[in-house]
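First to last, the protein sequences are chains A and S.
Here my numbering is used: position 47 in the first sequence is 928, and no number is missing along the way.
Here my numbering is used: position 198 in the second sequence is 1079, and no number is missing along the way.
The C-beta atom is built at its ideal place from N, Cα and C for all residues, glycine as well.
Number of protein chains: 2
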Amino acid sequence: MNKGILVVVSGFSGAGKGTLMKRLLEKYDNYALSISVTTRSPREGEQDGREYFFRSREEFEEWIEADRLIEYAEYVGNYYGTPKDYVQEQLKAGKDVILEIEIQGALKVKEKLPDTLLLFVSPPSAQELKRRLETRGTEAPELIQNRLRRAGEEAKGILGYDYLLINDDLETCTDVMHRVIQSEHYRMQRSREFAERIVEELKEL
Amino acid sequence: MNKGILVVVSGFSGAGKGTLMKRLLEKYDNYALSISVTTRSPREGEQDGREYFFRSREEFEEWIEADRLIEYAEYVGNYYGTPKDYVQEQLKAGKDVILEIEIQGALKVKEKLPDTLLLFVSPPSAQELKRRLETRGTEAPELIQNRLRRAGEEAKGILGYDYLLINDDLETCTDVMHRVIQSEHYRMQRSREFAERIVEELKEL
Chain A
882 MNKGILVVVS GFSGAGKGTL MKRLLEKYDN YALSISVTTR SPREGEQDGR EYFFRSREEF
942 EEWIEADRLI EYAEYVGNYY GTPKDYVQEQ LKAGKDVILE IEIQGALKVK EKLPDTLLLF
1002 VSPPSAQELK RRLETRGTEA PELIQNRLRR AGEEAKGILG YDYLLINDDL ETCTDVMHRV
1062 IQSEHYRMQR SREFAERIVE ELKEL
Chain S
882 MNKGILVVVS GFSGAGKGTL MKRLLEKYDN YALSISVTTR SPREGEQDGR EYFFRSREEF
942 EEWIEADRLI EYAEYVGNYY GTPKDYVQEQ LKAGKDVILE IEIQGALKVK EKLPDTLLLF
1002 VSPPSAQELK RRLETRGTEA PELIQNRLRR AGEEAKGILG YDYLLINDDL ETCTDVMHRV
1062 IQSEHYRMQR SREFAERIVE ELKEL
């Protein structure tokens, strides 16, 4: 059986990443979503092991010590991280594991695990990103301005990604994402074992 | 409009490359097949500009001088080459251009044009390759032995390819090849212009 691929998905907030992930998992069944571990308190309706693994600061720091996290970051006084065990189990079982994290974390994962596939989701234009944030109507104008400024700063990092997907239409983008991930299974770097075996076999004929 | 991708397809003889190319072009319409130029004489039924462009040795050497070939090689006293003009026209028109050449030529093209996509087609095993060559029944056993030996020597080069496709079932392999090429359009290296533009746009918002 083929080993799965660790896929990191990032995107500007407002790019529609959340909806896209949800649709991908509904539509195709070879994916597993990585669940993050955090030290923040569960919100109303959140369940341990579903939205997040909720752990104490002490436990989280034990996980860091024991190298049980692929990456972690501290954000507004709380830790967020990606547990290694769950990801590795799913990859071994042949599932492609989707990890949704921001650009800096994504680049760190790729450095540590070079076989990771980095996908960046973008709206068709900066104007469209602004429009989407405004029409959501959930945020104050200065918060939107903040998000856009941060997007501009982060954006330089996207050149380190493997693929750029434009989220113009949800269904199209979901299908493109699926095909991009599945095609990646045929990359030579993931087929070295087969390639080397057939070279040996040919010699012995 | 997106620019097309130059796709070089190679494979062991007996891997079923020819049938695969034919099926790809029948099934999907965004491809153009590159036509080689040669100094060998046309065989019965071959037409200039369909199977090959047939040119004199003198003309061919003029093409080499004028840098009108992407790559060329001499084989059993005849020249074979890939005309640059036709390929560039088709790429500009948004077509993905398929070029079927052997491993050494493929690696030369990639060196000259790094955006070229290299696909290698292999049967599922060396035994299966041998079986296919034998059941074709068109070749003497020592010729088959020859082909297998050459396959073994060439095979080291396949690690320089971008993708490895296993041709076990024709329809499956045709579809995988199509999806691999189409996914490649979303590679970051092919989307730099868009990525850089959106970074600039975000700064100006």
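Item, Value
"Determine the DSSP secondary structure at Tyr861 (chain A), reduced to helix, strand or coil.", "Residue 861 (chain A) lies beyond the stretch modelled for chain A, which goes from 882 to 1086, so this question has no answer here."
"Determine, for Met882 (chain A), whether the minimum Cβ-Cβ distance to residues of chain S falls below 8 Å.", "At Met882 (chain A), the pLDDT of 45 sits below 50, so the modelled position is not reliable; the number obtained from the coordinates is stated separately. By this cut-off, Met882 (chain A) is not an interface position."
"In three-state terms, what does DSSP make of Asn959 (chain A)?", "strand"
"DSSP on Ala954 (chain S), reduced to helix/strand/coil?", "strand"
"Would Lys989 (chain A) pass as an interface residue toward chain S - the criterion being a Cβ-Cβ separation below 8 Å?", "no"
"So, using beta-carbon positions, are Leu1086 (chain S) and Ala1036 (chain A) closer together than 8 Å?", "no"
"For Ile982 (chain A), which three-state DSSP category applies?", "coil"
"Do Met1069 (chain A) and Asp1043 (chain S) have their CB atoms nearer than 8 Å?", "yes"
"Residues in the same chain with beta-carbon distance under 8 Å from Lys973 (chain S), minus the five sequence neighbours each way, listed in chain order, please.", "Lys884, Gly885"
"Can you list, in chain order, the residues of the segment 1053 to 1067 of chain S whose Cβ is nearer than 8 Å to any Cβ on chain A?", "Val1057, Arg1060, Val1061, Gln1063, Ser1064, Glu1065, Tyr1067"
"Determine the extent of the alpha helix (DSSP H) in which Thr900 (chain A) is found, giving its start and end residues.", "898 to 908"
"Assign Arg921 (chain S) to one of three DSSP states: helix, strand, or coil.", "coil"
"Please name the residue or residues paired with Ile1047 (chain A) in a DSSP beta bridge.", "A:Ser1003"
"Under the rule that 16 or more other beta-carbon atoms within 10 Å means buried, what is Ser1072 (chain A), buried or exposed?", "buried"
"Which same chain residues end up closer than 6 Å to Pro1005 (chain S) when comparing Cβ atoms and leaving out the 5 residues on each side of it in sequence?", "Ile1047, Asp1049"
"Does the segment 1052 to 1067 of chain S come close enough to the segment 1020 to 1037 of chain S to have 3 or more Cβ pairs within less than 8 Å?", "no"
"Going along the chain, which residues of its own chain have a beta-carbon closer than 8 Å to the beta-carbon of Leu1014 (chain A), five neighbours each way excluded?", "Ser894, Gly895, Glu1020, Ile1025, Arg1028, Leu1029"
"Who does Ser891 (chain S) pair with in a DSSP beta bridge?", "S:Phe1001"
"In whole angstroms, give me the CA-to-CA distance for Ile979 (chain A) and Glu927 (chain A).", "20 Å"
"With a threshold of 8 Å between beta-carbons, can Ala1076 (chain S) be considered close to chain A, or not?", "yes"
"Do Phe934 (chain S) and Thr920 (chain S) have their C-beta atoms closer together than 8 Å?", "no"
"Just to confirm my understanding: we take Leu832 (chain A), look at its own chain, exclude 5 residues before and 5 after, and list those with CB closer than 7 Å. What are they?", "No information on residue 832 (chain A) is available, as it lies outside the stretch 882 to 1086 that chain A covers here."
"Can you name the start and end residues of the beta strand (DSSP E) that Leu994 (chain A) belongs to?", "Taken as a continuous stretch (DSSP letters only), Leu994 (chain A) belongs to no beta strand (DSSP E), as it is neither H nor E."
"Suppose you measure from the CA of Val957 (chain A) to the CA of Ser922 (chain A); what does that come to, to the nearest Å?", "13 Å"
"Check the Cβ of Gly1033 (chain A) against every Cβ in chain S and list those closer than 8 Å, keeping chain order.", "Val1080, Leu1083, Lys1084, Leu1086"
"Mind checking the segment 1011 to 1043 of chain A against chain S and listing, in chain order, the residues whose C-beta falls within less than 7 Å of any C-beta there?", "Lys1011, Leu1029, Ala1032, Gly1033, Ala1036, Lys1037, Ile1039, Leu1040, Tyr1042, Asp1043"
"Measure how close the beta-carbons of Leu998 (chain A) and Val888 (chain A) come, nearest whole angstrom, since I'm counting them as under 8 Å.", "5 Å"
"For a cutoff of 8 Å on Cβ pairs, would you count Met1069 (chain A) as touching chain S?", "yes"
"Just to confirm, are Ile984 (chain S) and Gly899 (chain S) a CB contact at a threshold of 8 Å?", "no"
"Residues in its own chain within less than 8 Å of Asp966 (chain S) by CB, not counting five upstream and five downstream?", "Arg949"
"Start and end of the alpha helix (DSSP H) containing Ala851 (chain S)?", "The question about residue 851 (chain S) has no answer, for chain S in this structure spans 882 to 1086."
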